[in-house]
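S.K.: Residues 744 to 1066 (my numbering) make up the sequence shown, in order. One structure, pasted below without further comment.
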Amino acid sequence: MQENEDRIVCLGSATVDMTVKSKEFRSIKSKGKTFIAIEEGTKHNAESIVIHPGGSACNIASALSKLGENTYVISRVGDDVYGNIIINHLKELNVDTTYLKRTIGVNTAASINLVGYENEKTLVIDRGALNHINPQDVPDTFIKHSKAVVITSMTSLTAANAALKAGRICRENNNYLALAPSISMIKEKARTLLNLMKYSNTLILNEEEISALMGEKNMKKAMEKAASMGPKTVVVLRGTKGSAAYVDGKYYEHRAYRVKVADTTGAGDAYAAGFIYGELHSQNIEESMDLGAKLSAMVITKAGAQEGIPNLYQLKRFKARFI
744 MQENEDRIVC LGSATVDMTV KSKEFRSIKS KGKTFIAIEE GTKHNAESIV
794 IHPGGSACNI ASALSKLGEN TYVISRVGDD VYGNIIINHL KELNVDTTYL
844 KRTIGVNTAA SINLVGYENE KTLVIDRGAL NHINPQDVPD TFIKHSKAVV
894 ITSMTSLTAA NAALKAGRIC RENNNYLALA PSISMIKEKA RTLLNLMKYS
944 NTLILNEEEI SALMGEKNMK KAMEKAASMG PKTVVVLRGT KGSAAYVDGK
994 YYEHRAYRVK VADTTGAGDA YAAGFIYGEL HSQNIEESMD LGAKLSAMVI
1044 TKAGAQEGIP NLYQLKRFKA RFI
């Protein structure tokens, strides 16, 4: 087999994220759940309305690029101004957009983050062009000769099939494969994700996601169950409680760093990028978890999923206390 080229391919979402902050959004609790409340037919003032490029595949590729990796994104955007914003921003960060295709007559995926009085966040998303990702978008030889592939959330039937194609190529050619799905993929394409786990090296989820995927409320048991289905390494992100990892029958924990939070959008993607970087550079599990925690902490100090991404020098110099 030809030696793999030194590149990382990120497959999945490319979106524009609109964050609307308003102290006039209130929370209402009912039957154990919390809802954001906006009175129907009313007008509200916002402290800020900001638009940033986002999407997990783009966020992870951007972070890894700033750390010095050669990264590509496989995804789709629409033929609109938002697609231009995403493509131009990725190019500024030296992410290759050769395989980021435009879908004519379809809008670019967009999300609206509603942030209320207590900084709680509610997300509304239109997947747009992401629903048109398909197996033909995944180039066989290119994937075969890439050192690593990261698959993020894929929810349409054709997109799920594209993810499975990439996963099979990785398995057949012994490529490193990391999975960083979303709760949407778990709810809509759980079977696809379970199949992908058979091919994967690393699975990165948050607490809600691993519980839903494994049907197990106990986090450690859920991690053990996930590890038995394929991935050598299972990582669970726990917000301010830090992160946990299960590797080769051993359980690890890492605390989160204390920083002044501007926006938590992209925190999980930043952690994933840092952790994956550590794994690809032969760091031990604790070092990889620390890189993930540091990168995540730095990203949330600025608004937008990609604005606070550090370079490798900045990441190594980062200092903060644990929460």
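Every residue, glycine too, gets a C-beta built ideally from N, C-alpha and C. Nothing here was measured: the structure is a model prediction, and the numbers come from that model.
Going by DSSP in three states, residue 797 sits in which element: helix, strand or coil?
M.R.: strand
S.K.: Is residue 949 helix, strand or coil when you go by DSSP?
M.R.: strand
S.K.: Are the region 817-837 and the region 871-881 in contact at 8 Å, needing three or more beta carbon pairs?
M.R.: yes
S.K.: For the candidate residues 1066, 766, 889 and 1009, whose alpha-carbon lies nearest to that of residue 748?
M.R.: 889
S.K.: Taking the alpha-carbon positions, what's the residue 1033 to residue 1053 distance?
M.R.: 15 Å
S.K.: Could you tell me the distance, in whole angstroms, from the CA atom of residue 962 to the CA atom of residue 994?
M.R.: 11 Å
S.K.: Please list the terminal residues of the continuous alpha helix (DSSP H) segment that includes residue 997.
M.R.: From DSSP, residue 997 is part of no alpha helix (DSSP H) but of the beta strand (DSSP E) over 993-997.
S.K.: List the endpoints of the continuous beta strand (DSSP E) containing residue 988.
M.R.: 986-990
S.K.: By the 10 Å Cβ neighbour count, where 16 or more other Cβ atoms means buried, how is residue 831 classified, buried or exposed?
M.R.: exposed
S.K.: If you check the beta carbons only, do residue 795 and residue 1016 fall under 8 Å apart?
M.R.: no
S.K.: Apart from the five residues just before and just after residue 919, which ones in its own chain have a Cβ nearer than 6 Å to its Cβ?
M.R.: Answer for residue 919: 891 and 944, listed in chain order.
S.K.: Name the residue from 924, 937 and 930 whose alpha carbon lies nearest to the alpha carbon of residue 949.
M.R.: 924
S.K.: Any idea what DSSP makes of residue 752, helix, strand or coil?
M.R.: strand
S.K.: Using the Cβ count rule (16 or more neighbours within 10 Å means buried), how would you classify residue 756?
M.R.: Classification for residue 756: buried.
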